[in-house]
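Report on one structure; see the data block that follows.
There are 2 protein chains.
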Amino acid sequence: MHEVLIQYIRAHSATPLTENETEQIKSVFVPKKLRKRQYFLQAGEVCRSMAFIVKGAIRQYSVDARGNEHILRLCIEEWWAGDRESFTMLTPSIYNIDAWEESDVLTITKTEMDGLSSITSLNEMARTLDQNQSFAYQKRLNAAISYTAEKRYAELEQTYPEFLQRFPQHIIASYLGITKETLSRIRNQAVKK
Amino acid sequence: MHEVLIQYIRAHSATPLTENETEQIKSVFVPKKLRKRQYFLQAGEVCRSMAFIVKGAIRQYSVDARGNEHILRLCIEEWWAGDRESFTMLTPSIYNIDAWEESDVLTITKTEMDGLSSITSLNEMARTLDQNQSFAYQKRLNAAISYTAEKRYAELEQTYPEFLQRFPQHIIASYLGITKETLSRIRNQAVKK
DNA sequence: CGTTGGCTTGAGAGGGCTCAAGGCCAGTGG
DNA sequence: CCACTGGCCTTGAGCCCTCTCAAGCCAACG
Numbered sequence: 001m002h003e004v005l006i007q008y009i010r011a012h013s014a015t016p017l018t019e020n021e022t023e024q025i026k027s028v029f030v031p032k033k034l035r036k037r038q039y040f041l042q043a044g045e046v047c048r049s050m051a052f053i054v055k056g057a058i059r060q061y062s063v064d065a066r067g068n069e070h071i072l073r074l075c076i077e078e079w080w081a082g083d084r085e086s087f088t089m090l091t092p093s094i095y096n097i098d099a100w101e102e103s104d105v106l107t108i109t110k111t112e113m114d115g116l117s118s119i120t121s122l123n124e125m126a127r128t129l130d131q132n133q134s135f136a137y138q139k140r141l142n143a144a145i146s147y148t149a150e151k152r153y154a155e156l157e158q159t160y161p162e163f164l165q166r167f168p169q170h171i172i173a174s175y176l177g178i179t180k181e182t183l184s185r186i187r188n189q190a191v192k193k
Numbered sequence: 194m195h196e197v198l199i200q201y202i203r204a205h206s207a208t209p210l211t212e213n214e215t216e217q218i219k220s221v222f223v224p225k226k227l228r229k230r231q232y233f234l235q236a237g238e239v240c241r242s243m244a245f246i247v248k249g250a251i252r253q254y255s256v257d258a259r260g261n262e263h264i265l266r267l268c269i270e271e272w273w274a275g276d277r278e279s280f281t282m283l284t285p286s287i288y289n290i291d292a293w294e295e296s297d298v299l300t301i302t303k304t305e306m307d308g309l310s311s312i313t314s315l316n317e318m319a320r321t322l323d324q325n326q327s328f329a330y331q332k333r334l335n336a337a338i339s340y341t342a343e344k345r346y347a348e349l350e351q352t353y354p355e356f357l358q359r360f361p362q363h364i365i366a367s368y369l370g371i372t373k374e375t376l377s378r379i380r381n382q383a384v385k386k
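Which chain is which? The protein sequence lines are A and B, in order. Once you know that position 23 of the first sequence is 23 in our numbering, the rest is easy, because the numbers rise by one and skip nothing. Once you know that position 103 of the second sequence is 296 in our numbering, the rest is easy, because the numbers rise by one and skip nothing.
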């Protein structure tokens with residue numbers, strides 16, 4: 001199970017991993033199973049650990065005053081789930097994170113992560129991830145303030161086609177910032193064209 | 194002029210700067226003046242350098258098919274302007290960046306930045322900035338898909354009150370993803386309450 | 001075979017947009 | 001010193017996109 005993670009770190013860093021470092025990493029990351037709908041983080045808690053997804057699908061979302069869920073991120077195999085801000089700053093998170101599918105993850109706490117700070121390639125990976133995350137958010141924010149719902153859906157179709165296979169439409173709709181009804185109508189119109 | 198930057202780096206890193214490093218940094222960052230409305234980056238170009246703002250105000254925005262501008266970031270003193278994604282990946286940017294006010298900036302190219310990679314405290318600063326950027330985008334994206342225009346304005350008032358002093362309403366409106374007319378009406382209603 | 005979750009469709013409402021006009025103010029040039 | 005201009009803000013009317021609420025259908029599942 002840890003092999004996937006090791007491969008992933010290798011792929012996301014220029015610096016190679018030594019035998020020793022590999023063992024360190026394997027010893028620190030704790031495997032966990034998340035059942036469908038099981039919380040990984042609830043709003044109000046500090047995000048004590050990050051989760052590398054070996055198998056499964058996880059969502060991060062906020063809940064507004066009227067009880068509506070707004071999906072901020074969808075994560076599948078070989079992505080990291082967790083609220084980076086809460087994790088890094090040790091502040092309470094405003095987001096919920098839960099498993100949409102039954103998932104296998106490898107978790108690591110902040111303290112343990114800090115203990116691995118001597119592993120260059122792990123640092124590089126974390127750095128790269130933070131950057132990519134930032135780029136992705138920038139793109140989505142731009143889409144949110146610039147495009148119509150239809151264009152945002154078209155973009156999602158291009159960028160993450162696997163999401164459409166993996167998540168039901170009401171989840172996709174929430175991710176796009178629209179209602180499931182609107183998404184349903186958009187899709188029907190798209191077919192007619 | 195470089196003093197502001199040095200102070201800034203010190204403030205954003207735990208590692209202290211040596212005399213030597215300070216001199217290196219001063220020698221590499223090139224001061225530039227940007228006139229009002231002068232482009233720092235135009236869509237289609239690769240963002241070859243980042244700019245630390247010593248004085249002034251700079252905006253980053255995309256232009257849609259109908260010619261409407263959508264403001265993604267507003268930057269003032271002691272912020273960094275530039276498209277991090279284009280800068281890091283050397284890909285063409287889809288954003289325009291220009292000076293809203295006459296500005297004094299310190300610029301550095303990617304090659305020069307890579308040349309300073311031995312300066313720990315500069316790396317730490319860059320890391321911190323990327324993270325904060327990511328956090329800020331996450332917050333704004335959440336606002337964009339969860340809140341009404343009115344709430345987004347209220348949040349902006351709280352988070353960056355200085356923006357309201359500094360930029361005209363049509364800029365603020367664009368930043369919030371609404372039209373200037375809508376913003377005007379929101380403000381009037383807010384006063385009545 | 002009832003229940004639950006997901007998708008669709010309709011009707012009505014509303015938030016925000018578009019287009020258009022008018023007012024205010026500061027800067028500029030005659 | 002005044003007229004003119006450009007940038008900015010406001011207000012109105014009509015419209016459109018998206019939301020809300022409600023109902024109905026279907027497939028999966030216990």
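Beta carbons: idealized from backbone N, C-alpha and C, even for Gly. No experiment lies behind these values; they were computed from the predicted model shown.
Thinking C-beta only, is residue j closer than 8 Å to residue i?
i	j	result
Ser255 of chain B	Leu265 of chain B	yes
Tyr232 of chain B	Asp291 of chain B	yes
Leu283 of chain B	Val239 of chain B	yes
Leu334 of chain B	Ala144 of chain A	yes
Leu234 of chain B	Tyr288 of chain B	yes
Ile186 of chain A	Ala136 of chain A	no
Ile9 of chain A	Ser49 of chain A	no
Thr304 of chain B	Thr208 of chain B	no
Ile218 of chain B	Arg359 of chain B	no
Ser93 of chain A	Ser327 of chain B	no
Asn318 of chain B	Val247 of chain B	Just to set this straight, residue 318 of chain B is Met in the shown sequence, not Asn. Not in contact: Met318 of chain B and Val247 of chain B (Cβ atoms no closer than 8 Å).
Ser339 of chain B	Asp64 of chain A	yes
Gln169 of chain A	Lys151 of chain A	no
Arg252 of chain B	Ile364 of chain B	yes
Arg320 of chain B	Arg37 of chain A	no
Could you tell me the boundaries of the beta strand (DSSP E) in which residue i lies?
i	result
Ser93 of chain A	Ser93 of chain A -> no beta strand (DSSP E), and no H or E assigned at all.
Asp104 of chain A	103–109
Gln252 of chain B	Position check: residue 252 of chain B holds Arg in this sequence, whereas Gln was assumed. Counting along the chain, the beta strand (DSSP E) containing Arg252 of chain B begins and ends at 251–256.
In chain B, which residues lie with their C-beta within 9 Å of the C-beta of residue i?
i	result
Asp114 of chain A	Within 9 Å Cβ-Cβ: nothing; Asp114 of chain A doesn't reach chain B, min ~13 Å.
Name the chain A residues that come within less than 7 Å of residue i, Cβ to Cβ?
i	result
Ser255 of chain B	Asn142, Ser146
Tyr330 of chain B	Ser134, Tyr137, Gln138, Leu141
Could you spell out where the alpha helix (DSSP H) holding residue i opens and where it closes?
i	result
Ala173 of chain A	169–176
His195 of chain B	195–204
Leu265 of chain B	Taken as a continuous stretch (DSSP letters only), Leu265 of chain B belongs to no alpha helix (DSSP H), being part of the beta strand (DSSP E) at 262–268.
Arg359 of chain B	354–359
Which chain A residues sit within Cβ distance under 8 Å of residue i?
i	result
His147 of chain B	Because chain B spans 194 through 386 in this model, residue 147 of chain B falls outside it and cannot be assessed.
Using a Cβ cut-off of 7 Å, pull out every chain B residue sitting near residue i, in sequence order please.
i	result
Gln133 of chain A	Ser327
Arg127 of chain A	Arg320
Gly44 of chain A	Here the premise fails: no neighbours, minimum Cβ distance about 16 Å.
Gly177 of chain A	Ala337, Ile338
Cβ closer than 8 Å: which chain B residues qualify as neighbours of residue i?
i	result
Asp130 of chain A	Arg320, Asp323, Gln324, Ser327
How many whole angstroms separate the CB atoms of residue i and residue j, which I take to be in contact at a CB cut-off of 8 Å?
i	j	result
Ala51 of chain A	Leu122 of chain A	Not confirmed; about 16 Å, so no contact.
Ala57 of chain A	Glu101 of chain A	4 Å
Glu350 of chain B	Leu357 of chain B	7 Å
Thr88 of chain A	Gln324 of chain B	6 Å
Gln138 of chain A	Glu278 of chain B	7 Å
Check the Cβ of residue i against every Cβ in chain A and list those closer than 9 Å, keeping chain order.
i	result
Arg277 of chain B	Gln131, Ser134, Phe135, Gln138
Thr281 of chain B	Gln131, Phe135
Answer yes or no: the CB of residue i versus the heavy atoms of the ligand MN, is any distance below 7 Å?
i	result
Lys32 of chain A	With respect to small molecules bound, the structure shown includes none, and the ligand MN cannot be examined in it.
*Go through the region 101–156 of chain A residue by residue and report every complete run of the beta strand (DSSP E) that reaches 3 residues or more, in order.*
103–109
_Which complete beta strand (DSSP E) runs does the region 214–245 of chain B hold, if anything under 3 residues is left out?_
223–227, 232–234
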